[in-house]
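Below is one structure, written out as structure tokens; comments come after it.
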Amino acid sequence: MIKAGQIEKGTALLIKGQPFICVEREFVNPGKGSAFVRLKLKSPSTGQVLRETMKTQDNAEEITVEDVDLQYLYNDGENFHMMHTDTYEQIEVPMDTFPDYQFFMKDGETYRVKTWEHQVLEIVIPPKVLFEVAEAEEAVKGDTVTGATKNVITETGLSVRVPIFIKQGEKILVSTETKEYLERVNK
Amino acid sequence: MNETTRYILFMNMEMTRKRGEMYRSIRSWLDERGYLEVFTPSLSTHLIPEHSIANFSTRYLSEFRPSKELYLIPSPEVFMKQILREYQHNIYQISTCFRNDEQIGDHHNPEFTMLEYYTVGADDEDSIAITEELLRETSLKGTREHALPPFRRMSVAEACMQYAGVDLLKTQRVGDLRQAALNLGLTLPPLPETWEETFHRIFLTFVEPNLPQDKPLVLTDYPSQIDTLAKKVPGKPYRRRWEMYIAGVEIANCYDEELEGDTVRAFYEKEYAILCEQRGRDGSVIPDIDYSFAELFDGHFPQASGVAMGLDRLLMVQTGATSLRDLILFRGSDMMKHYY
């Protein structure tokens, strides 16, 4: 059992006998009410979406999962193709269960994957990922309305708003939770 | 200061200029209408007990007297009502308020700025008109239509009926509301809970996310089970309290202020008991309270309506920002990120 307040994006829960993964979590604190979390949960097998609001003090049933390391090979627009690094066995994971993960995972890298009864419940993505800037637009000088930011595209295709001083080919650290730019990394 | 901190500061300077402009317009609007601006402390020896608001405490130390626990105010109400009782006149304040244990996110920060104004001789209905006029005349240039008057109005019961299909008048008993929540597919803990808790589950899951956002929305007639210092409507299960939402975000809360000393005392006793029970379990701050606050309501407290408005959130919706991150300099989470 865990407290609902400890549920995070990626936490696996058993709800009415079915495994669900938390895909969105938002804290809500009504002006004159206790603290709640608004959850969007998804079933990895059926794709069913469940919306739940729980008090942060409510108990939730967490699933005990098995950890395996899988290498990410590529995606075909529908499935992520991943491979067991020890047996070379390949598996497919539906992309819509893990929205936007194609922007965070890099081809050839190995990810910790949580499984429950042979279902992939979660792919563990680090909270901060280092990306290379693949495309950067020219900054518009004197544009203070947007607070001196511009869009860049990472090597995985993720679009990020960054300060205007970021150039193509530079490395930037991005939060995978908020998709926000964190800092420039000069290495 | 590192590159990123400098960048965040730079980003927010335009917002800082707009914030100043907004505060100046609000102040001059209220000044012109005869509201007196008051200035009260951030540290208090006691607070109004509210079990849903977690507190910050700090310790006063002196060589010459025993040390004393002090509390950062979650709202200036505790002082402003004392002024109101003595001064019998319209007052307002813009002050920094502190609420602990809140998730730092797009709409929350542990310290924030609150505008609180009390109008003597007015009720919650009058406060709607005053607030509408205030926003009509002080909103920043460029504020989009959905954040500008006229306000839409809807009662909490109407909203629950429309967006959750729940008839609050027919579900006044705890068991009936629980059944309605189960029928909607909500998962409830096995232990019994209060009507208020089940109401919030339904409201936050089905109602709040679906409220109309094309205009500011005043949600009226809050259920009386949610205990506050707003007057109860005789013979009806609701209070003279409203909340204003803009773009789905809670911006303001208003009461027709409770005037009965006995009711205020009973509120203090009930809230403090819940607060002590909950916080005794998790070890969070239990503030001192002062029952003499109830003595302010001795028959000479003026009929009044008070509005509390979150100015950071108001600035956010007027400028079209989607997160407090874009307008708060040195936001709690930015300062604390190196400690986790």
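Those protein sequences? They're chains A and B, same order as listed.
In terms of my numbering, the first sequence opens at residue 51 and continues consecutively.
In terms of my numbering, the second sequence opens at residue 197 and continues consecutively.
Every residue gets a Cβ at the ideal spot worked out from N, C-alpha and C, and that includes glycine.
In this structure, T254/B keeps its C-beta atom at 9 Å or more from the C-beta atom of L243/B.
I287/B is bridged by DSSP to L232/B, Y314/B. D117/A is bridged by DSSP to K164/A. Selection M133/A, Y124/A, M104/A, T147/A evaluated against G97/A yields T147/A as nearest (Cα-Cα). Under the DSSP assignment, Y464/B falls in the alpha helix (DSSP H) whose first and last residues are 457-478. Checking the DSSP bridge columns, you'll see K264/B partnered with Y256/B. By the criterion of at least three beta-carbon pairs nearer than 8 Å, the segment 415-425 of chain B is in contact with the segment 341-359 of chain B. The beta carbon of T96/A sits no closer than 9 Å to any beta carbon of chain B. Assignment of K366/B by DSSP, reduced to helix, strand and coil, places it in the helix class. S209/A is outside the set of residues whose beta carbon lies under 9 Å from a beta carbon in chain B. In the displayed model, R437/B falls within a strand according to three-state DSSP. Note that the segment 262-277 of chain B does not touch the segment 213-222 of chain B; fewer than 3 beta-carbon pairs, one per stretch, sit closer than 8 Å. For T401/B, the closest Cβ of chain A is nearer than 9 Å.
By the 16-neighbour rule on beta-carbons within 10 angstroms, Y313/B is buried. Contact of G361/B with chain A is not assigned, every C-beta pair being separated by 9 Å or more.
Per DSSP, M155/A lies in no alpha helix (DSSP H) and is assigned neither H nor E. Measuring C-alpha to C-alpha distances from E329/B to each of P345/B, M440/B, Q358/B identifies P345/B as the nearest.
Inclusion of F181/A and K221/A in the CB contact set at 9 Å is warranted, their separation being smaller than that value.
Distance between D320/B and T327/B, taken at the CA atoms: about 10 Å. Under the criterion of beta carbons closer than 8 Å, K59/A and V73/A qualify as touching, at roughly 7 Å.
Residue contact with chain B for S84/A: present (Cβ-Cβ distance below 9 Å to some residue of chain B).
The Cβ-Cβ distance between G158/A and Q107/A does not fall below 9 Å. Remark: C-beta atoms of N286/B and L232/B approach each other more closely than 9 Å. Below the 8 Å Cβ cutoff, chain B contributes P385 as neighbours of D108/A, in chain order. Taken through DSSP and simplified to helix, strand or coil, S519/B comes out as coil.
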